[in-house]
RNA sequence: CGGGGCGUGGCUCAGCUUGGUAGAGCACCUGGCUUGGGACCAGGGGGUCGCAGGUUCAAAUCCUGCCGCUCCGACCA
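Residue numbers (my numbering): 4 to 483.
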């Protein structure tokens with residue numbers, strides 16, 4: 004039935020059900036999100052990929068500012084002695100930091116690490132600038148890149164250098180710091196769901212999975228198309244541990260010296276990996292409208308016919324005032340353009356040709372469902388934004404349904420393993436709190452605890468591993 | 001770090017077994033024609049075959065080492 008021509012190029016993207024990992028790599032490359040560089044494990048963010056990051060940045064930055072945070076910039080180098088100050092922290096990061104040992108040809112008296120995260124730099128600075136309770140809180144954030152010398156890398160999911168934001172705040176009281184930790188986790192959840200259409204599971208990490216040096220770590224976890232989970236954002240409460248290690252003290256109203264309470268929180272370009280793996284399909288990327296660099300792509304048909312380009316340009320100028328609009332008037336075939344912008348995940352396409360112009364109409368085509376709607380040219384200003392909203396809602400609903408369909412419950416480690424082998428996803432199971440049991444789950448079922456969800460429920464009375472009575476529900480899975 | 005696969009114009013790959021002056025398709029450039037799901041015709045440009053050694057009269061091809069990419073595993077904010 005279908006014509007053979009052109010099929011070969013469409014097949015350039017491996018089907019997700021054949022080989023999900025290959026599909027992911029194909030999409031990243033074909034959609035021109037990033038490219039490999041000559042440095043192992045480091046990637047080049049191309050304009051289209053970077054534009055996605057800029058949109059995420061803009062959204063989150065507005066949220067940070069709206070909650071009273073200020074942006075700063077710290078150095079990219081950390082002296083070894085400074086990194087050593089908090090022992091859990093250094094133990095966690097030392098194995099994967101990159102070291103600078105020479106300045107020009109001169110050996111340095113103290114080697115410098117390239118920041119894997121900046122807690123130590125912020126702490127050192129906070130210790131200097133805080134004297135009184137009147138100096139608190141300090142609500143700082145920085146947008147930067149960090150370096151972690153990973154053994155294996157994948158575009159967006161794990162690279163030696165990656166872009167992120169790291170928030171670092173200090174507060175007079177533990178309560179205030181704890182509230183900050185949760186507030187930022189909520190902003191991350193909101194970013195995922197309302198901006199990226201990625202449903203998330205909010206919860207607390209077990210001690211085994213928490214951040215090096217943290218008292219508690221909170222996470223928003225999401226489920227990818229292949230059933231593996233990915234941490235989309237993380238928020239840590241440090242208590243006064245770092246404050247003690249770095250001497251961050253203030254004088255309270257009673258004139259007594261107190262340690263500050265600290266938090267940190269971060270989201271990285273890894274979230275773009277989630278975006279790809281949650282919404283993508285066999286034709287390529289599917290971008291939720293709010294984050295899409297191009298929201299509406301205008302494809303004029305039969306551009307050589309009189310009046311087509313003029314009309315398409317007029318429509319583009321009208322739409323560009325409302326949504327991020329592009330028009331392709333290159334002499335490629337329309338079919339080529341359709342495939343190209345589907346691969347790039349553009350949420351909505353507008354086709355306009357001689358027949359449409361005659362009838363004063365355009366054809367709107369949704370990327371997510373490929374549904375075509377014929378709309379009067381007079382109505383596009385209202386219909387396009389409406390459709391974009393519908394697409395966002397549909398993507399979120401679809402992803403939520405997929406997550407629910409892949410969420411099961413287990414009462415034993417064996418059952419958990421059996422479920423994950425059959426259908427990877429989230430598995431709810433009770434846990435006694437003992438790390439030995441958590442280790443056992445990893446050993447037997449090759450699954451890790453994703454989080455202790457805030458929304459607790461009871462799927463059994465006893466620990467899935469040791470059988471001791473417990474009321475704690477943990478969600479398990481296999482993670483990226 | 002362990003195991004598998006791969007490295008030849010921008011991309012996908014053939015050529016390697018059996019050594020003998022570098023190939024195809026796509027992409028790109030020029031012109032024509034076409035335009036509602038990846039067109040067609042003609043002409044054109046572009047590669048020290050991942051790197052370094054070795055064997056040989058001669059290496060993309062054989063040998064050794066290294067580097068990189070990729071997948072699986074281990075490790076890991």
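Glycine is no exception: its CB is placed at the ideal position from the N, C-alpha and C atoms.
Cα-Cα separation between residue i and residue j, rounded to whole angstroms
| i | j | result |
| --- | --- | --- |
| residue 346 | residue 177 | 48 angstroms |
| residue 164 | residue 241 | 25 angstroms |
| residue 168 | residue 121 | 10 angstroms |
| residue 293 | residue 390 | 12 angstroms |
| residue 273 | residue 476 | 27 angstroms |
| residue 106 | residue 78 | 16 angstroms |
| residue 267 | residue 219 | 11 angstroms |
| residue 311 | residue 281 | 37 angstroms |
| residue 381 | residue 324 | 15 angstroms |
| residue 64 | residue 421 | 42 angstroms |
| residue 87 | residue 214 | 16 angstroms |
| residue 449 | residue 181 | 32 angstroms |
| residue 101 | residue 467 | 40 angstroms |
| residue 440 | residue 96 | 25 angstroms |
| residue 376 | residue 368 | 6 angstroms |
| residue 465 | residue 414 | 8 angstroms |
| residue 288 | residue 85 | 43 angstroms |
| residue 55 | residue 295 | 6 angstroms |
| residue 200 | residue 190 | 14 angstroms |
| residue 443 | residue 417 | 11 angstroms |
| residue 405 | residue 36 | 25 angstroms |
| residue 19 | residue 231 | 14 angstroms |
| residue 8 | residue 47 | A caution first: residue 8 carries a pLDDT of 32, below 50, which makes its placement in the model too unreliable to give a value. |
| residue 11 | residue 123 | Residue confidence for residue 11 is low, a pLDDT of 37 falling below 50, so the modelled location carries little weight and cannot support an answer. |
Per-residue burial, residue i [other beta carbons within 10 Å of its own, 16 or more giving buried]
| i | result |
| --- | --- |
| residue 344 | buried |
| residue 429 | buried |
| residue 479 | buried |
| residue 373 | exposed |
| residue 143 | buried |
| residue 71 | exposed |
| residue 264 | buried |
| residue 172 | buried |
| residue 307 | exposed |
| residue 183 | buried |
| residue 67 | buried |
| residue 25 | exposed |
| residue 76 | exposed |
| residue 132 | exposed |
| residue 334 | exposed |
| residue 474 | exposed |
| residue 457 | exposed |
| residue 3 | The requested residue 3 does not occur in the structure, where the chain is confined to residues 4 to 483. |
| residue 302 | buried |
| residue 151 | buried |
Selected residue, minimal CA-CA separation from residue i, among the options
| i | options | result |
| --- | --- | --- |
| residue 446 | 461, 419, 455 and 456 | 419 |
| residue 112 | 206, 121 and 82 | 82 |
| residue 455 | 435, 448 and 439 | 435 |
| residue 318 | 366, 199 and 288 | 366 |
| residue 360 | 205, 316 and 329 | 316 |
| residue 481 | 271, 453, 460 and 472 | 453 |
| residue 16 | 286, 233, 228 and 301 | 286 |
| residue 60 | 362, 166 and 232 | 166 |
| residue 329 | 124, 351 and 471 | 351 |
Cβ separation of residue i and residue j, assumed to be a contact under 8 angstroms, to the nearest whole Å
| i | j | result |
| --- | --- | --- |
| residue 276 | residue 89 | Residue 276 to residue 89, Cβ: 29 angstroms. No contact. |
| residue 130 | residue 250 | 5 angstroms |
| residue 354 | residue 304 | 6 angstroms |
| residue 221 | residue 188 | 5 angstroms |
| residue 211 | residue 459 | With 8 angstroms as the limit, residue 211 and residue 459 do not qualify as a contact, their Cβ atoms being about 19 angstroms apart. |
| residue 3 | residue 291 | Examination of residue 3 is not possible in this model, given that the chain is present from 4 through 483 alone. |
| residue 195 | residue 225 | 7 angstroms |
| residue 235 | residue 162 | Residue 235 to residue 162, Cβ: 17 angstroms. No contact. |
List, from N- to C-terminal side, the beta strand (DSSP E) runs of 3 residues or more that fit wholly inside the segment 160–203. Complete beta strand (DSSP E) runs here, min 3: 164–174.
What are the complete beta strand (DSSP E) segments, minimum 3 residues, inside the segment 85–132? Assignment of beta strand (DSSP E) within the segment 85–132, counting only whole runs of 3 or more residues, yields 101–106 and 109–117 in chain order.
Every unbroken beta strand (DSSP E) inside the segment 308–356 [3 residues or more]: 328–330 and 351–355
Report the start-end ranges of each alpha helix (DSSP H) in the segment 243–290 that is 4 residues or longer and not cut off at the edges. 244–249 and 273–282
Tell me the start and end of each unbroken beta strand (DSSP E) in the segment 353–396 that is at least 3 residues and wholly inside, in chain order. 364–369 and 375–379
Give, in chain order, every unbroken run of the beta strand (DSSP E) that is at least 3 residues long and sits entirely within the segment 422–470. 429–433 and 451–456
Which ranges does the beta strand (DSSP E) cover as unbroken runs of at least 3 residues, wholly within the segment 31–74, from first to last along the chain? 37–39 and 46–48
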